[in-house]
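In the numbering used here, the protein residues as written are 95 to 252.
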């Protein structure tokens, strides 16, 4: 991935040099031309096209912001209610993530969303114990984590 980024930047600077256009428009034109060239020759690179991973990172960040807003609204809704109708509890979550970096990122994303907090990670790093503000359905919460955060992390790292 790093090689493709550097190659794309080199193509952009060569384009600017050949056109004698040392401005943002010249760089952007060269960068887009480099994207087209690298995209057309991607079968010669052992890694996948780097824009795919960049797009996955952008989607992961957007997902985090969306979940932050959604969880914050839910916590505010629980606080504003005259009668507290929550069932806090701890549940275990079995993850498919394998590397330390992936599990750490998942724990950070879970802890950043209000109302949930990872308490402990098992020794084999496959099971997380998570405290949630309101547990209505443990399986649904596990499926939500698996289909949002874990899926997005796997898109970025694999």
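The beta carbon of each residue, even a glycine, is placed where N, CA and C say it ideally should be.
The stretch 227-239 and the stretch 122-133 do not touch, with fewer than 3 CB-CB distances between them shorter than 8 Å. For residue 107, the secondary structure class from DSSP, reduced to helix, strand or coil, is helix.
Residue 177: not part of any beta strand (DSSP E); DSSP gives it neither H nor E.
If the five residues before and after residue 219 are omitted, its C-beta is found closer than 6 Å to the C-beta atoms of 197, all from its own chain and listed in chain order.
Contact annotation: residue 178 and residue 191 have beta-carbon atoms that are not nearer than 9 Å.
Taking a C-beta distance under 9 Å as the contact criterion, residue 187 and residue 239 qualify as a contact pair.
The C-beta separation of residue 203 from residue 158 comes to about 6 Å, placing the pair in contact by the 8 Å criterion.
In the displayed model, residue 192 falls within coil according to three-state DSSP, outside both helix and strand. Collapsing the DSSP output to three states places residue 101 in a helix. For residue 226, the enclosing beta strand (DSSP E) covers residues 221-226. Between residue 172 and residue 210, the alpha-carbon positions lie close to 14 Å from each other.
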